[in-house]
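Chemist:
Residue numbers (the working numbering): 2 to 356.
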């Protein structure tokens with residue numbers, strides 16, 4: 002049967018959905034549009050279609066395909082209830098250019114995504130089961146982004162190409178694997194690894210006045226203690242689901258940590274050399290899961306602007322006392338503040354890192 006390349010237009014949408022499903026159920030290969038790249042589509046339940054797809058792409062038998070879902074709710078049939086480690090990613094990026102790999106119900110890894118293209122999601126829903134979609138290319142070569150080029154190179158293998166113009170993003174999805182409680186970015190697409198990690202992480206924010214003395218120390222100490230508890234390096238804490246930040250209630254953006262804070266941190270193996278101050282703002286407060294203030298005045302300043310976040314804003318010291326500002330004092334005053342901060346964070350640690 003010759004390949005049909007058909008333009009996706011509103012009047013033909015319903016008929017094209019039905020045609021694609023008809024071809025897929027017959028074990029044939031179709032090309033469907035997504036926001037990343039065009040996808041070679043097949044029904045996972047059809048062994049003949051799988052053989053055709055592997056032959057067309059030159060893909061090894063042990064190289065899996067990614068399930069494409071009509072909506073996020075369909076993921077549970079493949080992997081069970083979603084882990085809290087990935088639910089922030091699903092809420093933000095599905096439908097969209099993120100593929101998740103996680104253990105399926107049988108223990109083997111399963112890759113899945115909800116594409117942003119409404120037509121393709123309609124085809125998946127009408128098919129009654131997730132589809133396998135993979136980039137249209139020979140393995141090891143760049144994906145094809147244009148329907149005419151796909152027809153010219155692979156038309157002999159295809160029943161239908163749905164032409165929705167050039168792929169909007171033009172790059173493959175970012176692929177993220179959940180391994181235990183840790184996220185691994187297997188492939189960066191339009192979403193960077195850091196963006197993925199920060200979206201998925203629990204955010205802990207420390208607040209003082211100028212964000213040059215106490216709160217930078219608190220941020221660095223919290224990251225260090227969390228890393229020790231997890232048994233990882235400090236630069237791996239983010240991929241394990243914990244992000245730390247600090248800010249000031251009355252400061253200028255971009256100032257370095259004070260000299261004595263840098264020295265006090267260095268004495269316990271921490272580096273504040275890259276720190277730059279920032280003013281606390283509504284965006285950071287809304288994003289934070291926990292906000293710890295070094296003094297009562299900082300807590301009041303936040304709540305005066307955003308009283309609705311009261312349940313997430315606390316003094317760092319559990320006994321309700323301020324940690325004195327060492328600004329302008331001798332190194333010994335910074336050491337005292339550092340040690341008080343470290344003791345308080347040790348007590349607060351279970352609130353974001355349960356045993």
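A virtual CB, placed ideally from N, CA and C, is assigned to each residue, including glycine.
Bear in mind that the values here come from a model prediction, so they are computed numbers and not experimental data.
Entirely within the region 106–160 and at least 4 residues each: give me those alpha helix (DSSP H) ranges in chain order.
Modeler: 119–128, 148–155
Chemist: For residue 57, which of helix, strand or coil comes out of DSSP?
Modeler: Here residue 57 refers to the residue found at position 56 when the chain shown is read from its first residue. The answer is helix: DSSP assigns residue 57 an H, G or I state.
Chemist: Using CA atoms only, rank isn't needed, just tell me which of 3, 72, 138, 167 is closest to residue 95.
Modeler: On the chain shown, position 94 is the one that residue 95 refers to. Among 3, 72, 138, 167, the Cα nearest to that of residue 95 is on 72.
Chemist: Can you name the start and end residues of the beta strand (DSSP E) that residue 185 belongs to?
Modeler: Your numbering for residue 185 matches position 184 in the chain shown. From DSSP, the beta strand (DSSP E) with residue 185 extends over 183–188.
Chemist: Here's the rule: buried if 16 or more other CB atoms are within 10 angstroms of the residue's CB, otherwise exposed. What is residue 335?
Modeler: Here residue 335 corresponds to residue number 334 of the chain shown, with the count starting at 1. Buried: at least 16 other Cβ atoms inside 10 Å.
Chemist: Run through DSSP, which three-state label would residue 86 get?
Modeler: One-based indexing of the chain shown puts residue 86 at position 85. Reduced to three states, the DSSP call for residue 86 is coil.
Chemist: So the candidates are 27, 164, 258; which of them puts its Cα closest to the Cα of residue 10?
Modeler: On the chain shown, residue 10 is found 9 positions in, with the first residue counted as 1. If we check each option's Cα against that of residue 10, 164 comes out closest.
Chemist: According to DSSP, is residue 197 helix, strand or coil?
Modeler: Reading the chain shown from its first residue, position 196 is the one you call residue 197. Of the three classes helix, strand and coil, the one that applies to residue 197 here is helix, per DSSP.
Chemist: Report the CB separation of residue 41 from residue 30 in whole angstroms; it is logged as a contact under 8 Å.
Modeler: One-based indexing of the chain shown puts residue 41 at position 40. One-based indexing of the chain shown puts residue 30 at position 29. Sure, about 6 Å apart at Cβ, within 8 Å.
Chemist: Quick one: what does DSSP say residue 209 is sitting in, helix, strand or coil?
Modeler: Here residue 209 is taken as the residue at index 208 of the chain shown, counted from 1. Strand at residue 209.
Chemist: Is it true that the CB of residue 251 sits closer than 9 Å to the CB of residue 218?
Modeler: Locating residue 218 in the chain shown gives position 217, where the first residue counts as 1. Locating residue 251 in the chain shown gives position 250, where the first residue counts as 1. No; because the gap between Cβ atoms is not below 9 Å, this pair is not in contact.
Chemist: Which one of 244, 37, 16, 343 has the shortest CA to CA distance from residue 353?
Modeler: Walking along the chain shown from the start, residue 353 turns up at place 352. Nearest C-alpha to residue 353: 244.
Chemist: Out of 226, 50, 160, which one is the CA nearest neighbour of residue 351?
Modeler: Numbered from 1 along the chain shown, position 350 holds the residue referred to as residue 351. Of the candidates 226, 50, 160, the one whose C-alpha sits nearest the C-alpha of residue 351 is 226.
Chemist: Could you check whether residue 177 and residue 231 sit closer than 9 Å to each other, using their CB atoms as the reference points?
Modeler: Working through the chain shown from its first residue, we reach residue 231 at position 230. Working through the chain shown from its first residue, we reach residue 177 at position 176. For residue 231 and residue 177, no; Cβs fall outside 9 Å.
Chemist: With DSSP as the reference, label residue 354 as helix, strand or coil.
Modeler: Within the chain shown, residue 354 is the residue found at index 353, counting from 1. It is coil, neither helix nor strand.
Chemist: I'd like to know whether the C-beta atoms of residue 179 and residue 52 end up nearer to each other than 9 Å.
Modeler: In the chain shown, residue 179 corresponds to position 178, counting from 1. In the chain shown, residue 52 corresponds to position 51, counting from 1. Result no, Cβ atoms of residue 179 and residue 52 do not sit closer than 9 Å.
Chemist: Suppose you measure from the CA of residue 13 to the CA of residue 23; what does that come to, to the nearest Å?
Modeler: Counted from its first residue, the chain shown places residue 13 at position 12. Counted from its first residue, the chain shown places residue 23 at position 22. C-alpha separation (whole angstroms): 15 Å.
Chemist: Let me know the beta strand (DSSP E) ranges lying completely inside the region 301–339, each 3 residues or longer, listed in chain order.
Modeler: 314–316
Chemist: Enumerate in chain order the residues of its own chain whose CB-to-CB distance from residue 296 is below 6 Å, with the five nearest sequence positions on each side excluded.
Modeler: Numbered from its first residue, the chain shown carries residue 296 at position 295. Within the same chain, residue 296 has close Cβ partners 323.
Chemist: Let me know if residue 259 comes out buried or exposed under the rule of 16 or more other beta-carbons within 10 Å of its beta-carbon.
Modeler: Here residue 259 refers to the residue found at position 258 of the chain shown. For residue 259, the number of other beta carbons within 10 angstroms of its own is at least 16, and it is reported as buried.
Chemist: Whose C-beta lies closer than 8 Å to the C-beta of residue 228 among residues of the same chain, with five residues either side of it excluded?
Modeler: For the purposes of this step, residue 228 is taken as residue 227 along the chain shown, with counting starting at 1. Taken in chain order, the residues that qualify are 234, 235, 237, 238.
Chemist: Does the pairing of the region 297–314 with the region 263–280 give three or more beta-carbon distances under 8 Å?
Modeler: no
Chemist: Hey, could you find the ends of the beta strand (DSSP E) residue 69 is sitting in?
Modeler: The sequence position of residue 69 within the chain shown is 68, counting from 1. Per DSSP, residue 69 belongs to the beta strand (DSSP E) from 67–69.
Chemist: Note down the Cα distance separating residue 8 from residue 285, rounded to an integer number of angstroms.
Modeler: Indexing the chain shown from 1 puts residue 8 at position 7. Indexing the chain shown from 1 puts residue 285 at position 284. Cα-Cα distance, rounded: 45 Å.
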